[in-house]
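Using our numbering, you'd call the opening residue of the sequence shown number 405 and step up by one each time. A virtual CB, placed ideally from N, CA and C, is assigned to each residue, including glycine. Heads up: the structure comes next, in structure tokens.
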Amino acid sequence: MREPCIVITNNPLSYEKFSKDYEVRYIDIDVVALLKTVRDSIHSGHRILTHPLMSSVKPNETPYRTVLITKNKENLDMDSLNIIEGAIATTLKFINDFNVPNWPQNILDDFKLIDYDLIKNAIN
405 MREPCIVITN
415 NPLSYEKFSK
425 DYEVRYIDID
435 VVALLKTVRD
445 SIHSGHRILT
455 HPLMSSVKPN
465 ETPYRTVLIT
475 KNKENLDMDS
485 LNIIEGAIAT
495 TLKFINDFNV
505 PNWPQNILDD
515 FKLIDYDLIK
525 NAIN
């Protein structure tokens, strides 16, 4: 049995595909703000179900992120908090140390698909 989950994403493709079967929180914000939103959810008792940096795409390269968290709230999960804090720090480091590319739309569409596919496979 799969644990009930919430999808938090800034990826329009993930929103489109997952909203039929899952609770989706689609927020049109940058990756750092999205990770901070996930952190806020962890502070309120949710746990992370997928690692926020689970792809081999560098954090400064893709503008899209989708993260699964538990639907049910419990006590503050320190493992989830440590994971999200590390993901935020890593993402900020990459953004500060390297240029954020100005990708053409076809590359952005590829990043949407990669992000969606990673989460789809994690769910299945």
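Can you tell me which of the options puts its alpha carbon nearest to the alpha carbon of residue i?
i	options	result
residue 489	425, 504, 440, 471	440
residue 468	484, 410, 494, 517	517
residue 432	421, 412, 450, 477	412
residue 497	477, 463, 508, 475	463
residue 525	416, 471, 430, 429	471
Let me confirm a value: residue i is counted as buried when at least 16 other C-beta atoms fall within 10 Å, else exposed. Which label applies?
i	result
residue 423	exposed
residue 519	buried
residue 445	buried
residue 473	buried
residue 437	exposed
residue 418	buried
residue 493	exposed
Out of curiosity, what's the CA-to-CA distance linking residue i and residue j?
i	j	result
residue 455	residue 487	7 angstroms
residue 458	residue 528	16 angstroms
residue 405	residue 414	Residue placement at residue 405 is flagged as unreliable, the pLDDT there being 41, under the threshold of 50; a coordinate-derived value is accordingly withheld.
residue 502	residue 461	13 angstroms
residue 426	residue 452	16 angstroms
residue 465	residue 504	6 angstroms
Taking 7 angstroms as the cut-off, is the CB of residue i close to at least one heavy atom of the ligand NAD?
i	result
residue 417	The ligand content of the structure shown is nil, which means the ligand NAD is not present either.
Give the C-beta separation of residue i and residue j to the nearest angstrom, bearing in mind that I take them to be a contact with Cβ-Cβ under 8 angstroms.
i	j	result
residue 449	residue 477	3 angstroms
From the DSSP output, read off the bridge partner residues of residue i.
i	result
residue 470	413
residue 428	411
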